[in-house]
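K.L.:
2 protein chains.
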Amino acid sequence: MPKPAKPREREVQAAQEPVRFGPLANYIGFHLRRAQTASFQAVAHRIGQADFTPGLYALLTLIEQNPGITQTALSRADGRDKSSLTPALSGLQKRGLIRRERIAGDKRSYALHLTPAGSAAAAALHRHAQAHDDELDRIIGLEHKAQFIRQLRRIVSALSADTGEDGPDGEAQP
Amino acid sequence: MPKPAKPREREVQAAQEPVRFGPLANYIGFHLRRAQTASFQAVAHRIGQADFTPGLYALLTLIEQNPGITQTALSRADGRDKSSLTPALSGLQKRGLIRRERIAGDKRSYALHLTPAGSAAAAALHRHAQAHDDELDRIIGLEHKAQFIRQLRRIVSALSADTGEDGPDGEAQP
DNA sequence: GAAAACTAGTTTGATCTAAAACTATTTTGA
DNA sequence: TCAAAATAGTTTTAGATCAAACTAGTTTTC
Chain A
1 MPKPAKPRER EVQAAQEPVR FGPLANYIGF HLRRAQTASF QAVAHRIGQA DFTPGLYALL
61 TLIEQNPGIT QTALSRADGR DKSSLTPALS GLQKRGLIRR ERIAGDKRSY ALHLTPAGSA
121 AAAALHRHAQ AHDDELDRII GLEHKAQFIR QLRRIVSALS ADTGEDGPDG EAQP
Chain B
1001 MPKPAKPRER EVQAAQEPVR FGPLANYIGF HLRRAQTASF QAVAHRIGQA DFTPGLYALL
1061 TLIEQNPGIT QTALSRADGR DKSSLTPALS GLQKRGLIRR ERIAGDKRSY ALHLTPAGSA
1121 AAAALHRHAQ AHDDELDRII GLEHKAQFIR QLRRIVSALS ADTGEDGPDG EAQP
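So the sequences go chain by chain: A and B.
Here the first sequence is numbered in this note's numbering, starting from 1 and rising by one per residue.
Here the second sequence is numbered in this note's numbering, starting from 1001 and rising by one per residue.
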């Protein structure tokens, strides 16, 4: 990502610094995407050294918190399509971080577990994630954090209501 | 997106409704991604009939608001890498929605403009976008909207500070 | 007790994305 | 001035994502 480095004068208005956002400036969706992208990139750079992405971290954590979870339940919890999980989980398995066990009563589904290596990786990633979220906490302000997360969750549950999804209803605030 | 349809009892804890989110429950970044995904999908379904994506809509609007903008400036304003814009803009040009004019003083860059067809498409999309954002407004509450957007923008500008990006500083609230 | 409907997971196809390498041009600075 | 550094945009590469089609196994229903 190259620094913009003082752009020179131009006859074309738009090449200058001040860009007009028009209706986008008032759209929650637009700012949501920009904030998410920025956050994603920041974490990705933090944990990219260890060959992880924020998405893989979320999978490891959800499996850690819910040993034996199935892929479909994991997909719902993570808000990603189950077909997206297939290659991600294969990768984690190939790296020896998770196990997939057949469930006795149902030969269709797998029970997912972390391996010891997976637990270790998760522990290391938690530290990075915590550091990143501390930064976000500073940006948002701890006194606003609870409400901010509540608002984000409300968006998730309201917009995916028609798809029957459950919003993250875990333990909310410390 | 299939409805989950009342899951039956299982011996595996995790297949049940209540999924534990652990540290993720308190991570702004996690909820940010989930909210953004949900919002993106909702808009995509709305405007998908017309073969548009939220990303294409943002490009059209930014070009509409900043006639003659260059691709690099557009990339910065939209928060996406310029290489991502190349195919998107080629598509818009092929569909006759934008023009790319060589800039007199600089043979490297293009000045982007909407065609009349592009303006018409943008107008139609604005209606969809407005409808979607009205829904988000209801979810967040108009009395909280300004602060919510301010928080999202703070995340963008704080996290991309090292990359030299400018946060969206357009006209803020109505 | 089958046939039909449903569920779990994978495969395939189409998009979208960032990053790095590359070409062409412009600016800088010694 | 002219070589080096910087900038605009494209190409290439690799990876992620969803949706739909598919396979295999399970439940429902008549």
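Beta carbons: idealized from backbone N, C-alpha and C, even for Gly.
No experiment lies behind these values; they were computed from the predicted model shown.
Should histidine 45(A) go down as buried or exposed, given a rule of 16 or more other Cβ atoms within 10 Å for buried?
P.N.:
Classification of histidine 45(A): exposed, given that the 10 Å Cβ count is below 16.
K.L.:
Exposed or buried, which one is aspartate 133(A) when buried takes at least 16 other CB atoms within 10 Å?
P.N.:
Aspartate 133(A) comes out buried.
K.L.:
Can you confirm whether glutamine 1151(B), when its beta carbon is compared against all beta carbons of chain A, has any partner nearer than 8 Å?
P.N.:
By this cut-off, glutamine 1151(B) is an interface position.
K.L.:
Contact between the segment 95-107 of chain A and the segment 75-87 of chain A is defined here as three or more beta-carbon pairs at a separation below 8 Å; is this criterion met?
P.N.:
Touching, no, given that fewer than three Cβ pairs across the two stretches are closer than 8 Å.
K.L.:
Please list the partners that lysine 82(A) has in chain B, where partner means a Cβ-to-Cβ separation under 7 Å.
P.N.:
What lysine 82(A) touches in chain B: nothing, since even the nearest Cβ is about 10 Å away.
K.L.:
So the candidates are Ala123(A), Gly118(A), Gln151(A); which of them puts its Cα closest to the Cα of proline 1023(B)?
P.N.:
It is Ala123(A) whose Cα lies nearest to the Cα of proline 1023(B).
K.L.:
List the endpoints of the continuous beta strand (DSSP E) containing alanine 25(A).
P.N.:
Counting along the chain, alanine 25(A) falls outside any beta strand (DSSP E), and DSSP gives it neither H nor E.
K.L.:
If you measure from the beta carbon of serine 1075(B) to each beta carbon in chain A, is any gap under 8 Å?
P.N.:
Taking Cβ atoms only, chain A never reaches closer than 8 Å to serine 1075(B), which makes this a no.
K.L.:
Around the C-beta of glutamate 101(A), are 16 or more other C-beta atoms found within 10 angstroms, so that it is buried, or is it exposed?
P.N.:
Counting Cβ neighbours within 10 Å, glutamate 101(A) comes out exposed, since fewer than 16 surround it.
K.L.:
Counting only C-beta atoms, is glutamate 1143(B) closer than 8 Å to chain A at any point?
P.N.:
By this cut-off, glutamate 1143(B) is not an interface position.
K.L.:
Indicate whether at least one CB of chain A lies closer than 8 Å to the CB of alanine 1044(B).
P.N.:
By this cut-off, alanine 1044(B) is not an interface position.
K.L.:
DSSP has leucine 1112(B) in a bridge; who is on the other side?
P.N.:
Beta-bridge pairing links leucine 1112(B) to Ile1069(B), Arg1100(B).
K.L.:
So is glutamine 1093(B) in contact with chain A if we call contact Cβ pairs under 8 Å?
P.N.:
Closer than 8 Å: no.
K.L.:
Considering serine 1090(B), what are the terminal residues of the alpha helix (DSSP H) in which it resides?
P.N.:
Here the alpha helix (DSSP H) through serine 1090(B) covers 1082-1094.
K.L.:
Please report the straight-line C-alpha distance between glutamine 16(A) and leucine 1114(B), rounded to a whole angstrom.
P.N.:
Residue placement at glutamine 16(A) cannot be trusted, given a pLDDT of 49 that sits under 50; what the coordinates show is reported in the next sentence. Cα to Cα, the separation comes out at about 19 Å.
K.L.:
Within 8 Å of any Cβ in chain B, is that where the Cβ of aspartate 134(A) sits?
P.N.:
For aspartate 134(A), the answer is no, since every Cβ of chain B falls outside 8 Å of its Cβ.
K.L.:
Just tell me which of Arg1034(B), Glu1135(B), Ala1088(B), Phe1021(B) has its CA closest to the CA of aspartate 1051(B).
P.N.:
When each option's Cα is compared against that of aspartate 1051(B), the closest is Ala1088(B).
K.L.:
Applying a beta-carbon distance threshold of less than 9 Å, which residues of chain B neighbour proline 54(A)?
P.N.:
Ordered by position in chain B, the residues that pass the 9 Å Cβ test against proline 54(A) are Gly1029, Phe1030, Arg1033.
K.L.:
Can you pull the chain A neighbours of serine 1160(B), defined as C-beta to C-beta under 7 Å?
P.N.:
Neighbours of serine 1160(B) on chain A, chain order: Ala38.
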